[in-house]
Amino acid sequence: MSEPQPVVSMRRIGKKFGGVTALHDVDLDASAGQVLAIVGDNGAGKSTLIKILTGVYQPTSGSIHLDGKPLEMNSHSDAKALGIDAVYQTLALADDLDPAANMFLGSELTRSFMGIPYLDNKTMRLEAVRVLDERLGVKLRSMDVATESLSGGQRQAVAIARAVYQPDLRVLVMDEPTAALGPQETARTLKLIKVLRDEGLTILLISHSLDDVFEVSDQIQIMRRGRRAGLVKTEDSSPKEVLGMIVGAAEDAA
Ligand SMILES: Nc1ncnc2c1ncn2[C@@H]1O[C@H](COP(=O)(O)OP(=O)(O)O)[C@@H](O)[C@H]1O
Ligand SMILES: [Mg+2]
Numbered sequence: 031m032s033e034p035q036p037v038v039s040m041r042r043i044g045k046k047f048g049g050v051t052a053l054h055d056v057d058l059d060a061s062a063g064q065v066l067a068i069v070g071d072n073g074a075g076k077s078t079l080i081k082i083l084t085g086v087y088q089p090t091s092g093s094i095h096l097d098g099k100p101l102e103m104n105s106h107s108d109a110k111a112l113g114i115d116a117v118y119q120t121l122a123l124a125d126d127l128d129p130a131a132n133m134f135l136g137s138e139l140t141r142s143f144m145g146i147p148y149l150d151n152k153t154m155r156l157e158a159v160r161v162l163d164e165r166l167g168v169k170l171r172s173m174d175v176a177t178e179s180l181s182g183g184q185r186q187a188v189a190i191a192r193a194v195y196q197p198d199l200r201v202l203v204m205d206e207p208t209a210a211l212g213p214q215e216t217a218r219t220l221k222l223i224k225v226l227r228d229e230g231l232t233i234l235l236i237s238h239s240l241d242d243v244f245e246v247s248d249q250i251q252i253m254r255r256g257r258r259a260g261l262v263k264t265e266d267s268s269p270k271e272v273l274g275m276i277v278g279a280a281e282d283a284a
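Under the working numbering, the first residue of the sequence shown carries the number 31, and numbering increases by one thereafter.
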């Protein structure tokens, strides 16, 4: 079977922070309807790589292509406009607002009555339920609650709902989405990732949990000391092999 044409490609990405070289000539390819996991020890360069992909950092060298076309991004809003977004472990949710208000934070729906605009809370709530429940399969007991009263997994779902509500979203990056979650909520989040994958999104999953990685990913990119130390098909690999690449077992033996 031939490999699908990648949606996003990063070529020979280098990144220096002053005297520190965080990334050396890193390549990355991710396809539609696939989960690419990115693994590696702390400091391996995972976050820097995906911050470059999401426009937060600019690379020192190298290029990024979307559907084969070179990209120029100067900010995260540039990336969002191109359909590349991220959900971070430290969720940027407003705790005192309800889930719908969080989903539409910064892009609130409005209507106007006799020329006076007002927030269309009713439609926002209906839309929030449509995305959370019908699309993501996440049922909240009530939509009339402060987001801080939700469980970690539900908060995660609200953050994901906000990202996937963008109609032209192509690439979703998730940096340690299950790090703060218990086993049940982790299972729910992994299910949600599969739903989005099946919708055809390109998903990049950074995770320390090889259990999670082996459960949901199609391919695994192993980062080590700012380089791509390996790229494997999940079904052809094993946690033992990937762990060996993370710690550089082969390199150390040589
Ligand atoms: N903003 C920054 N300023 C200086 N050095 C940084 C910055 N961000 C990351 N680094 C360095 O780049 C390297 C890779 O870090 P990072 O991408 O966060 O790794 P990971 O996400 O795999 O833990 C580390 O040596 C880290 O100290
Ligand atoms: Mg990181």
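Virtual Cβ for every residue (Gly too), placed ideally from N, Cα, C.
Inset, instruction - Would you identify the three-state DSSP class for Asp182, choosing helix, strand or coil? - result: A small fix is needed here, since residue 182 is Gly in this sequence, not Asp. Residue state, collapsed to three classes: helix.
Inset, instruction - Could you check the C-alpha separation between Met253 and Pro207 for me, to the nearest Å? - result: 18 Å
Legend entry - Identity of the residue in Lys110, Leu240, Glu245 and Val246 nearest Val86 by Cα: Lys110
Legend entry - Under 8 Å between C-beta atoms of Val38 and Arg257: no
Inset, instruction - Using only alpha-carbon positions, find the residue among Met133, His106, Lys46 and Leu66 that is nearest to Gln184. - result: Met133
Inset, instruction - State yes or no: is the beta carbon of Gly182 nearer than 8 Å to at least one beta carbon in chain E? - result: Any reference to chain E falls outside this structure, which holds one protein chain only.
Inset, instruction - Verify whether the separation of the beta carbon atoms of Asp125 and Ile276 is less than 8 Å. - result: no
Legend entry - beta-carbon Thr153 near ligand 1 non-hydrogen atom, thresh 7 Å: no
Inset, instruction - State the DSSP-derived secondary structure class of Ser77, mapped to helix, strand or coil. - result: helix
Inset, instruction - Say yes only if the C-beta of Ser237 is nearer than 7 Å to one or more non-hydrogen atoms of ligand 2, and no if none qualify. - result: no
Inset, instruction - May I ask whether a heavy atom of ligand 2 can be found less than 7 Å away from the beta carbon of Lys76? - result: yes
Legend entry - Leu53: first and last residue of the uninterrupted beta strand (DSSP E) it sits in: Val50 to Ala60
Legend entry - Burial state of Asp266 (16 or more Cβ within 10 Å): exposed
Inset, instruction - Grab the span of the alpha helix (DSSP H) containing Phe244 for me, first residue to last. - result: Leu240 to Val246
Inset, instruction - Using the Cα positions of His147 and Glu138, report the straight-line distance between them to the nearest angstrom. - result: Checking the sequence shown, residue 147 turns out to be Pro, not His. Taking the straight line from one Cα to the other gives about 11 Å.
Inset, instruction - Run the CB neighbour count on Gly113, radius 10 Å, all protein chains shown included, and call it buried at 16 or more, exposed below. - result: buried
Inset, instruction - Taking only heavy atoms of ligand 1 into account, decide whether any of them is closer than 7 Å to the Cβ of Met40. - result: no
Inset, instruction - Report all residues from its chain with a CB closer than 7 Å to the CB of Lys224; omit the five preceding and five following residues, and keep chain order. - result: Val246
Legend entry - Own chain partners of Val201 with C-beta closer than 6 Å, once the 5 adjacent residues on each side are dropped: Val38, Ile114 and Thr232
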